[in-house]
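What follows is a single structure, written as structure tokens, with notes after it.
Residue numbers (my numbering), protein chains in the order written: chain A, 1118 to 1437; chain B, 1118 to 1437; chain C, 1118 to 1437; chain D, 1118 to 1437.
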């Protein structure tokens, strides 16, 4: 087991088999720092142009720059890549947020999504102060009766994923069966994410740290900031998933990403029942019954090109 | 303030201005017992034929029999009816559940909803024992590695609602802006539900107690049982809502019921932002930002003719 | 066979087992006149208050007044009611249309449907002149480069339906397995509609004549007008449908009404394949193939509380 | 103006700025032959391995091989690429079709889309004979009362598109604002398609000829075959679209691709109204009214990762 202190030299805006930035072995630990969704680092410095993934042909959609990809020597198609988030240490006392005219769950959306005849929303930016000692985010409210709001921070990786079965996910904003920009609060410290491996080396990438976020990321933007992130990567051979699974101290979890939202629910729950049957010895129909009574779900996002739902089953009800 | 011990003599299968079973005043308390979703009482006795709401013309869809309607003397259109659930005391050591071929979130549905060419699901019933002393539900698993599952009970009213603005909701299974069969876990002890009043007298009805249920009521059926229910009813004059609001010790909440699921999310969040603006002095765009960062939601059901989403905002962030 | 010249004395705003306005026998013909969606007749006279269906309790949603219900003596549950539209003779040289702030397929909708944070649309009314001799509708355009538009008329019944299996459809604006406000251009002269009968007497009602309408009735309102309508009613015993079927000289057709739109597509196509199997001797999978290659569909409406899709199969490919 | 007789040497499975196979000028004509959706040519020969686009890293999803990309010298971002389909000459007397377990509009779908607990559909293949002289497709029915079905052919390009604004569309099966696998019957002889250009050179690709197809391509597969295709390419400078537009002798048309289906309707109609305002001098609200009364739509597909709707406005109502 080796610990890699990794300082990214280039940032990708896609998930896929890009030139590896780091090669590791199963069991290794990686410590690195991420940039925020617009590419600023912990000192609010932008990404130097030379460090941006760039093609000479297409324009660059500079959203959600990713650290990686990390090439895992032992990973091959049919395996499962287990990524444990050991630490997300916020390293900046500032997060930005905003809402946009054509992005978000309560308005018409830009190219390729829903649209209306109504006038678009006015845009607005918000600056959150992060008090890292007290673990709170603070927003001054200018036009409300309440003058300040202080909320607890619960940092998580907005984006973490691997190379898809075919090509690249361009731009990185779309989540899917490769994980990616799921924007779900569960990809936090202490969670292990299990990805189905489709490509030799797996090509793990991540970034887009959110200091806090409500369910669904309704306005499309969370408390966007930076962190020092520590992950451990393991390979599980011979276990074939169809969608990312997760596990923390309380739950086993499945994810479903797509549109419409109900299909995310279906994908996540069918996968959860399948998991209970395949690994925990449940009868299919008894799993369906039990999941219906004690399963819960959280909606990661309802704003990205695919939405994400996380279905959860409490570990205390699993057989030993 | 008067306490009404109420023993229903007739059960309705619709929400609407049916012949009142009880007339009360604002501030009164009602104590009554409900029947389960198929009409069985705490002794597993069915509803006598003579006690069923019946028309001589249409057939009867005997699902979710309701207690009430309760006519509230002071309620008039434009008011808000505040119903506080003081107590839901389970009174039977048995709950049934099942899944059906054409009902539920993970299969094709019966008349009026989604359908596929696939063969329908086999049906199956489940008997849950309720240990009321320990507050747990117990299911023997016949075909799984795990032989028994014990889950905590958290009883709530699957159905509670008032007369809609026009006519009746027939059958009672469809939730909407009148509340109704929302199947959301928040209509539990300690919650106050605020209904917009459209009809003089309001015509409050409720029933369909669930001893426990997972998010979304995925298979379409919870732990169906009976209870002694105590509610207090108050009128708030001059406050006009568009959808039921709720409040417990931790949250203010809004509901949105419809299809597709994403539209429930939109309805509930737009209403929540409106509430923050109208009653708590938030600027619209600052409310949008704050809700996006600390709002949560729970999915009541994804199985009824309308789905239900509950959007929640923590009371600790409200101005005094 | 008897011809009933029928002059309505009362107008209902619901589909259901209301007091019959006319009783007929299978095979009879009914000639009557309809009022437009706001209740105006061919002389632009409103419905006298005394002729409106009214309850002393709930308010009246005066949209889409219906002629009927017509009680059909021989109709009983399990039968099919065949209604042939023999004639829709427009009898007014005027149709109105409009778009509304919270209604229509390209904006947020009122209670129970989708909502956004955007400002609502400004409302606007449009007056169409109907040249009945030339069969064209004429609209003067006030703010466009084009000063006048003339479109061919193709009158049809926006609403035609029977009593549902349970209760009433209140208000009448929601289409479903009972037909109702499908707003599909196929309910025109020459079409026979087959309704599944759930209630003794069937209780046929209709109205809401549209002189013309585009697919989906996108803005929510067509060329709203009045007509003299002639229908013939027959009972087909022992043929049980789940959704309304239709037939004209070129197509057999099925309807699916619901939300989301994709579920209407599924309902209509599964029903169409079932029809080909049950009545025309097709193998299920060969019907699936053939329908996929020569089936077409039209979207009736994407604006009512349920949307409607019509799936069509050309009669020339049916076996004799 | 130059005519390029073009024999593809390599087939791509993505839309994007791949190595150009041919470079042309605005006004040029290209004559070429396409392969069917599984890569077979007019002699039923498969694509030689060496002619497949291949990366040494990711596996190959060999569906819908494309001819091209064609680099258009004058095309630059902000322009519109006008592609006129002059000829689609079927060159094979055979088309295949099939339905699959996890693909199609009436069943659960594979990775990334909807799923259910039901057993999957059995798969089945169908062989259609194409009588090119009589322009009919012929299918022998083995298990139906009808023994043979003969349908008229109406060949069109299932896939035609350009490089998207960012990266590549991998695999090519997903349609979008770049066109692509829209599977709409309107991309036929005589239609001109207008694409928004995002990348210098535009990178036009096409293929996937369908000899016939019903609306929605319900089972997911049409009459898959090959053709000799003749197109003419022109650049329109200074006209910026957001979605592909089309035009034939009768209609101007817009496309919307996405999920859910209703959002395709919204995208296509908002774009159509915008077109009427921007290019034909309509007032926005008068365009909304007129489109609502004489607009029609056809559903291209309800089976691909994005669905496609085409909204149509009759050219006879446009000002000169």
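A virtual CB, placed ideally from N, CA and C, is assigned to each residue, including glycine.
Would you please state the rounded distance, in angstroms, between the beta carbons of residue 1170/B and residue 1211/B? I believe it to be under 8 Å. Not confirmed; about 25 Å, so no contact.
Ignoring anything shorter than 3 residues or poking outside the segment 1131-1207 of chain C, list the beta strand (DSSP E) runs there in chain order. As far as the segment 1131-1207 of chain C is concerned, its whole beta strand (DSSP E) runs of at least 3 residues are 1139-1141, 1146-1150, 1183-1189 and 1197-1207.
As an exercise, report each continuous alpha helix (DSSP H) stretch of at least 4 residues that is fully enclosed by the segment 1199-1287 of chain B, in chain order. Segments of the alpha helix (DSSP H) lying fully in the segment 1199-1287 of chain B: there are none.
What is the DSSP secondary structure of residue 1295/D, counted as helix, strand or coil? Correct three-state label for residue 1295/D: coil.
May I ask you to list, following chain order, the residues of the segment 1372-1396 of chain B that have a beta carbon less than 7 Å from some beta carbon of chain A? Under the 7 Å Cβ criterion, the segment 1372-1396 of chain B contributes 1377, 1378, 1379, 1382, 1383, 1386 and 1387.
Taking 6 Å as the limit between beta carbons, can you name the residues of its chain near residue 1316/D, skipping five residues before and five after? Taken in chain order, the residues that qualify are 1134 and 1280.
Enumerate in chain order the residues of its own chain whose CB-to-CB distance from residue 1361/C is below 7 Å, with the five nearest sequence positions on each side excluded. Here residue 1361/C has 1296, 1310, 1311, 1312 and 1372 as same chain residues with Cβ atoms under 7 Å from its own Cβ, once five neighbours each way along the sequence are excluded.
Can you tell me which of the three DSSP states residue 1329/C falls into? It is coil, neither helix nor strand.
Cβ of residue 1235/A within 8 Å of any chain C Cβ: Yes - at least one Cβ of chain C is within 8 Å of the one on residue 1235/A.
What's the call for residue 1355/C, buried or exposed, on a 16-neighbour Cβ count within 10 Å? Flag for residue 1355/C reads exposed.
Nearest candidate by alpha-carbon position, reference residue 1397/D, set 1374/D, 1420/D and 1430/D: For residue 1397/D, the closest of 1374/D, 1420/D and 1430/D by C-alpha to C-alpha distance is 1430/D.
Amino acids of chain C, ordered along the chain, whose beta-carbon sits closer than 8 Å to that of residue 1400/D: The answer, in chain order, is 1258, 1259, 1260 and 1261.
Rounded C-alpha distance that separates residue 1230/A from residue 1282/D: Roughly 15 Å between the two C-alpha positions.
N-terminal and C-terminal residue of the alpha helix (DSSP H) that residue 1386/B is part of: Note, residue 1386/B: alpha helix (DSSP H), 1378-1397.
Neighbour list for residue 1197/D in chain B, Cβ cutoff strictly below 8 Å: Going along chain B, no residue has its Cβ under 8 Å from residue 1197/D, so there is no contact; the nearest lies around 33 Å.
Hey, how far is the Cα of residue 1119/A from the Cα of residue 1187/A? Across the structure, residue 1119/A and residue 1187/A are spaced so that their CA atoms are roughly 14 Å apart.
Skipping 5 residues on each side, what residues in its chain have a beta carbon closer than 6 Å to that of residue 1305/D? These residues qualify, in order along the chain: 1273.
Please state if the CB of residue 1260/D and the CB of residue 1181/D are separated by a distance shorter than 8 Å. No. Outside cutoff.
Entirely within the segment 1349-1381 of chain B and at least 3 residues each: give me those beta strand (DSSP E) ranges in chain order. The segment 1349-1381 of chain B contains these whole beta strand (DSSP E) runs: 1362-1364 and 1368-1375.
Within this structure, are the beta carbons of residue 1125/A and residue 1184/A separated by less than 8 Å? It is a contact, given that the beta carbons lie within the stated cut-off.
Within the same chain, show all residues whose beta-carbon is closer than 8 Å to that of residue 1190/C, passing over the 5 residues directly before and after it, in chain order. Correct list, in chain order: 1140, 1141, 1142, 1143 and 1318.
I'd like to know if residue 1272/A contacts chain D, where contact means its C-beta is closer than 8 Å to some C-beta of that chain. Not a single CB atom of chain D sits nearer than 8 Å to the CB of residue 1272/A.
Could you tell me which of 1122/A, 1121/A and 1138/A sits nearest to residue 1321/A, measuring between CA atoms? For the residues 1122/A, 1121/A and 1138/A, the minimum Cα distance to residue 1321/A belongs to 1138/A.
Where do the N-terminal and C-terminal ends of the alpha helix (DSSP H) with residue 1339/D fall, by residue? For residue 1339/D, there is no enclosing alpha helix (DSSP H), as DSSP marks it with neither H nor E.
Give me the Cα-Cα distance between residue 1218/D and residue 1402/C, rounded to the nearest whole angstrom. Between the alpha carbons of residue 1218/D and residue 1402/C lies a gap of roughly 12 Å.
Hey, could you find the ends of the alpha helix (DSSP H) residue 1305/A is sitting in? Looking at the DSSP string, residue 1305/A is not in any alpha helix (DSSP H), and its letter there is neither H nor E.
Between which two residues does the beta strand (DSSP E) holding residue 1428/A run? Counting along the chain, the beta strand (DSSP E) containing residue 1428/A begins and ends at 1424-1431.
For residue 1413/D, write down the residues that DSSP places opposite it in a beta bridge. Answer is 1429/D.
Can you tell which of 1214/D, 1223/D and 1227/D has the C-alpha that lies nearest to the C-alpha of residue 1246/D? It is 1214/D whose Cα lies nearest to the Cα of residue 1246/D.
Along the segment 1213-1225 of chain A, what residues have a CB closer than 7 Å to any CB found in chain B? Answer in chain order: 1214, 1216, 1222 and 1223.
Would the segment 1342-1349 of chain D and the segment 1149-1163 of chain D be scored as touching if the rule is three or more Cβ pairs under 8 Å? Between the segment 1342-1349 of chain D and the segment 1149-1163 of chain D there are three or more C-beta pairs closer than 8 Å, enough to call the two in contact.
Contact set between residue 1336/C and chain D, taken where Cβ atoms lie within less than 7 Å: Proximity of chain D to residue 1336/C at the Cβ level (cut-off 7 Å) is accounted for by 1405, 1406 and 1409, in chain order.
Which chain A residues sit within Cβ distance under 9 Å of residue 1285/D? In chain order: 1175, 1284, 1285 and 1287.
Burial state of residue 1410/A (16 or more Cβ within 10 Å): Under this definition residue 1410/A is a buried residue.
Inter-residue spacing [alpha-carbon to alpha-carbon] between residue 1207/D and residue 1286/D: Roughly 27 Å between the two C-alpha positions.
Report back the beta-carbon spacing between residue 1414/A and residue 1428/A to the nearest angstrom; my notes put them in contact at under 8 Å. In this structure residue 1414/A is in contact with residue 1428/A, their Cβ atoms being roughly 5 Å apart against a cut-off of 8 Å.
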